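Q: Next up is a structure, given as structure tokens.
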Amino acid sequence: MRKRKMQALPGDSQKRAENYQLPDIGRLKKELPRQRLLYQEGSLEQMKEAFADGVCFRAEIQQSIIDDDNIAVMALFASYWDLVPDMRRHMIRKGSEQLVETYLQRRSLGKQCSDLVKNRRFSADFLRRNAAYLNKDALAYCVSARKINLK
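Quick note on the numbering used here: the sequence shown kicks off at 1 and runs consecutively.
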């Protein structure tokens, strides 16, 4: 029995990605429907090309990445861009630990770092594992309020 190759996009999405053509970058930067199409039907390589050319997904697409728990796209997006503050809050409330960790390894949460450590759904182990990515205030909160030994 052959092992299935892990794909960034599941089933039908993989087929659509093979047929998707990257539109004009100028229009892609400005038009939400084109960004949505890139996210839904584009390949990771096409997204990488678009991000390198200055395309940044709008908040609506960022929310879809979080809601879909699309770790591969989040890793790529965070290599180029920050989430907008509202989407960082949304990720802290709704995103999986793996998605949050993927983002943290590439980008700072800024002021939302405090929201992360105050949210009890993130375990002490998760916070210990990611302590290097937390700011000074968040680390202090972990030690004082959550009584987490970060060493």
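Don't be surprised by glycine CBs; every beta carbon is placed ideally from N, CA and C.
Just so it is clear, the structure is predicted and the values come from calculations on it, not from any experiment.
Give the list of continuous beta strand (DSSP E) stretches no shorter than 3 residues that lie fully inside the stretch 16-101.
A: If only uninterrupted beta strand (DSSP E) runs of at least 3 residues are considered, none is enclosed by the stretch 16-101.
Q: Among residues of its own chain, excluding the 5 on either side of Lys5, which ones have a beta-carbon nearer than 7 angstroms to its beta-carbon?
A: Unreliable placement is indicated for Lys5, whose pLDDT of 37 sits below 50; the coordinate value is still reported in the next sentence. If we look at Lys5 and ignore the five residues flanking it on each side, it has no Cβ neighbours.
Q: To which residues of the same chain is Arg88 closer than 6 angstroms at the C-beta, ignoring the five residues directly before and after it?
A: Leu109, Gln112
Q: Distance, Cα to Cα, Tyr133 vs Arg107?
A: Roughly 8 angstroms between the two C-alpha positions.
Q: In whole angstroms, what is the alpha-carbon distance linking Ile61 and Lys136?
A: Spanning the alpha carbons of Ile61 and Lys136 requires a straight line of approximately 31 angstroms.
Q: In the DSSP assignment, find the unbroken alpha helix (DSSP H) run with Ser114 in it and report its ends.
A: 113-118
Q: According to DSSP, is Arg106 helix, strand or coil?
A: coil
Q: Mind reading off the beta-carbon distance from Val84 to Met47? Whole number of angstroms is fine, and I expect it under 8 angstroms.
A: In this structure Val84 is not in contact with Met47, their Cβ atoms being roughly 18 angstroms apart against a cut-off of 8 angstroms.
Q: To the nearest angstrom, report how far apart Gly54 and Ile71 are at their CA atoms.
A: 21 angstroms
Q: Using the C-alpha atoms, what's the distance from Arg120 back to Ser96?
A: 13 angstroms
Q: For Ala78 and Tyr103, which I take to be in contact (beta-carbon distance under 8 angstroms), what is that distance rounded to the nearest angstrom?
A: 5 angstroms
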